[in-house]
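Take a look at the structure below.
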Amino acid sequence: MNTKQKITRLIEFLFGILATEAIVFAILFYAFEEPTRLVSAQNEILQTQVDDAMTLYAENCAVCHGLAGEGIGATPSLDNDGLRTMDYDELVKIIARGRYETAMPAWNKTDGGPLSDYQIGELAALIQSGDWNATRDRVVNLGLAPLVPFETEPDPVIFEQIGALTDGAVLQQAVTLFATECVACHGADGLGTSLAPALNDPLVREKAADELTRIITLGTPGTLMAGWSSTLAEEEIAALVTLVTRWDEVPLGAIPAPDVPVPTTAESLALGEELFAANCSRCHGPEGQGTPRAPALNVKSFLTETSDLAIQQIVTQGVPGTAMPAWGDRMTEADIQAIVGFIRQWEATAPEVATPARGGGGGPPWLRSDAPADVFVPPGQQTDGAAGQAADPQAGATDHREGSGAGGPPDGYGGGGVAAGGEHTAGEVPPWAQEQVQPAWWETLDQRVLVLVFSGVGVATLLIFVGYVALRRNPPSDGE
Ligand code: HEC
Ligand code: HEC
Ligand code: HEC
Numbered sequence: 503m504n505t506k507q508k509i510t511r512l513i514e515f516l517f518g519i520l521a522t523e524a525i526v527f528a529i530l531f532y533a534f535e536e537p538t539r540l541v542s543a544q545n546e547i548l549q550t551q552v553d554d555a556m557t558l559y560a561e562n563c564a565v566c567h568g569l570a571g572e573g574i575g576a577t578p579s580l581d582n583d584g585l586r587t588m589d590y591d592e593l594v595k596i597i598a599r600g601r602y603e604t605a606m607p608a609w610n611k612t613d614g615g616p617l618s619d620y621q622i623g624e625l626a627a628l629i630q631s632g633d634w635n636a637t638r639d640r641v642v643n644l645g646l647a648p649l650v651p652f653e654t655e656p657d658p659v660i661f662e663q664i665g666a667l668t669d670g671a672v673l674q675q676a677v678t679l680f681a682t683e684c685v686a687c688h689g690a691d692g693l694g695t696s697l698a699p700a701l702n703d704p705l706v707r708e709k710a711a712d713e714l715t716r717i718i719t720l721g722t723p724g725t726l727m728a729g730w731s732s733t734l735a736e737e738e739i740a741a742l743v744t745l746v747t748r749w750d751e752v753p754l755g756a757i758p759a760p761d762v763p764v765p766t767t768a769e770s771l772a773l774g775e776e777l778f779a780a781n782c783s784r785c786h787g788p789e790g791q792g793t794p795r796a797p798a799l800n801v802k803s804f805l806t807e808t809s810d811l812a813i814q815q816i817v818t819q820g821v822p823g824t825a826m827p828a829w830g831d832r833m834t835e836a837d838i839q840a841i842v843g844f845i846r847q848w849e850a851t852a853p854e855v856a857t858p859a860r861g862g863g864g865g866p867p868w869l870r871s872d873a874p875a876d877v878f879v880p881p882g883q884q885t886d887g888a889a890g891q892a893a894d895p896q897a898g899a900t901d902h903r904e905g906s907g908a909g910g911p912p913d914g915y916g917g918g919g920v921a922a923g924g925e926h927t928a929g930e931v932p933p934w935a936q937e938q939v940q941p942a943w944w945e946t947l948d949q950r951v952l953v954l955v956f957s958g959v960g961v962a963t964l965l966i967f968v969g970y971v972a973l974r975r976n977p978p979s980d981g982e
């Protein structure tokens, strides 16, 4: 064996060893890194689940369990350690099947509810490891915070009048019950909300008392209307049925909607500001100070006299016969609530008297026929035109505000985050969700197995090396 051959063999050996080492280290690296990678992947999955669940919660649970799981009235809180440490499967079971004979409905599709197994798992994950402040913000940002509170007080004067009607005591009892148990969904005076239909309605009055009793007692499966048989006595349900069938005799205002503020978040206020700049400022002024086209909104008299609910209704329905459009068919409820929250912010600093930028002339200037109501004028130019008079003290201030107020592009508000959140939830069970339930084989690998493999490979490497050294010392006799 000549030197050249020896060198060739040496190089072959070295390469062999290097390749073995490389493979061994690659395997070891993978084996040790994989669990960490899996843990972070699982955390990501959990985050996605909790994120989905916040939207599900907003859509399905907030109405009974509160904006942030704090519980409302007789409905228990979901934000507590008892539930956080409860057996996961037990919690899933409660949500899936509901609590028989309580207002807690079954949510699983197999039990007549609207949610899949996977979605119920997500909700359980939210209850056990979610963030309730973030959940509150989600409910508000989706515009799903009910404006009507869970309870209200019957109007004392009308309450007295009701007592004088036939079976007045029964009607009074029903009004009190309705004001605590039903108003949150069926609305002030039973006129309905976005959550539930009106009960103070000729079509409902036509229904047979038996049918109404059945609905109130057993509920309507798959809807928010839960059965009340365990919460209310038979005689209380009968009183409610009497109220529903005789509501035309009860004066309006008996069960009023109290003044509840629209809940806001930083995100909703920013959205409100953007939407106001894009849609309202051209008539009401960039800072709501009013223009010749429309009255001031940023003024004490308006803001103290008008509840958030009333502003929401005006904006939704418009003012018929004036230039004030109905925004309900162009904007979501979330958008409108965001604007109301933004307008309400002005109250603290609103001037006593509006000083709108307007020309001379009698009567409310926005009612004059020459007001170019429907011509879109970008906020900047509009202020110049309307407040053009150099003498107007508002002009300077308005220009100054322009920079911050009219920043967003008019069409840029689309509520991207909100919409995306909603869409996400509607999706089917993603394939990775299945994997997550069944851990992969390497996840269950014990560290001890890895140590065993490691030492095995180490010993093998050593043997190869010893063999190589022996071979060098004692090369096999060359047959060539
Ligand atoms: C119609 C009102 C209503 C809605 C909507 C509702 N719940 Fe409930 N929920 C209740 C009531 C009432 C109870 C208490 C039942 C009882 O007395 O055991 C309850 C109980 C629970 C409990 C058990 C609490 C405990 O401490 O034992 C969980 C968990 C729960 N609800 C989760 C949810 C989830 C998740 C949603 C949305 C998918 C939801 N609920 C929607 C009314 C409601
Ligand atoms: C969590 C929301 C919620 C609460 C609270 C609630 N309801 Fe309902 N209710 C609904 C919904 C939603 C429907 C419509 C169900 C459907 O689609 O058929 C409904 C339907 C009804 C109907 C049938 C109306 C019709 O046109 O057939 C009656 C009657 C009724 N509710 C009475 C009551 C009474 C009485 C109370 C208080 C004890 C009450 N509800 C509390 C959500 C609610
Ligand atoms: C085309 C012009 C125009 C636009 C755009 C407009 N409004 Fe109005 N708005 C009016 C007029 C005109 C009135 C006064 C109606 C009346 O005479 O009662 C009004 C009245 C109102 C009122 C009641 C004020 C009061 O004193 O009672 C509110 C609240 C309101 N608008 C909010 C909004 C919001 C929020 C937007 C944007 C989403 C908006 N408006 C966009 C013209 C407009």
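In terms of our numbering, the sequence shown opens at residue 503 and continues consecutively.
Ideal placement from N, C-alpha and C gives every residue a C-beta, glycine not left out.
- Not one heavy atom of ligand 2 is found less than 7 Å from the C-beta of C785.
- The C-beta distance from L771 to Q847 rounds to 7 Å, short enough to meet the 8 Å contact threshold.
- As a beta-bridge residue in DSSP terms, G721 pairs with A728.
- The segment 958–966 makes contact with the segment 518–537; the number of CB pairs closer than 8 Å reaches 3 or more.
- Per DSSP, I739 is one residue of the alpha helix (DSSP H) stretching across E736 to T747.
- Residue environment analysis places Q839 among the buried positions, since at least 16 neighbouring C-beta atoms fall within 10 angstroms of its C-beta.
- Per DSSP, reduced to three states, the secondary structure at I519 is helical.
- For N635, the enclosing alpha helix (DSSP H) has its first and last residue at W634 to N643.
- If you draw a straight line from the Cα of A681 to the Cα of T715, it is about 18 Å long.
- P607 has its Cβ nearer than 7 Å to a heavy atom of ligand 1.
- With respect to the C-alpha of T766, the residue from G692, A636 and A666 having the closest C-alpha is A636.
- DSSP assignment within the segment 575–618 yields the following whole alpha helix (DSSP H) runs of 4 residues or more, N-terminal first: 583–586 and 590–599.
- The C-beta of T722 has fewer than 16 other C-beta atoms within 10 Å across all chains shown, which makes the residue exposed.
- The Cβ atoms of A741 and V672 lie closer than 8 Å to each other.
- Counting only residues of its own chain and dropping the five nearest sequence neighbours on each side, R599 has a CB closer than 6 Å to the CB of A608 and D613.
- The C-alpha of Q507 lies about 47 Å from the C-alpha of R539.
- Relative to ligand 2, even the nearest heavy atom lies 7 Å or more away from the CB of P723.
- Contact between L697 and L625 fails: their C-beta atoms lie close to 19 Å from each other, not under 8 Å.
- The Cβ neighbour count for V541, taken over all protein chains shown within 10 Å, is under 16; the residue is labelled exposed.
- Runs of alpha helix (DSSP H) with 4 or more residues, each lying fully within the segment 785–827, are found at 802–807 and 810–819, listed in chain order.
- Setting aside the 5 residues that flank it on each side, R640 is surrounded in the same chain by M556, T557, Y559, A560 and G923, each with a C-beta closer than 8 Å to its C-beta; the list follows chain order.
- Taking 7 Å as the cut-off, one finds at least one heavy atom of ligand 3 near enough to the beta carbon of A825.
- Residue list for ligand 2: V565, C566, E683, C684, A686, C687, H688, L697, A698, P699, L701, V706, L714, I717, I718, T722, T725, L726, M727, W730, L742 and V746 (CB closer than 6 Å to any heavy atom, chain order).
- From the listed residues T851, N582 and G645, the smallest Cα separation to E835 is found for G645.
- In terms of Cα proximity to L693, the closest of A666, V746 and T678 is V746.
- Closest in C-alpha terms to H567, from the list D831, T793 and L726, comes L726.
- Assigned with DSSP and collapsed to three states, V685 falls in helix.
- Taken atom to atom, the span from the alpha-carbon of I660 to that of E751 is near 12 Å.
- By the beta-carbon neighbour count (other beta carbons within 10 angstroms, threshold 16), Q819 is exposed.
- Taking 8 Å as the cut-off, the Cβ atoms of Q630 and R586 count as close.
- For T550, the closest of L617, Q621 and C782 by C-alpha to C-alpha distance is Q621.
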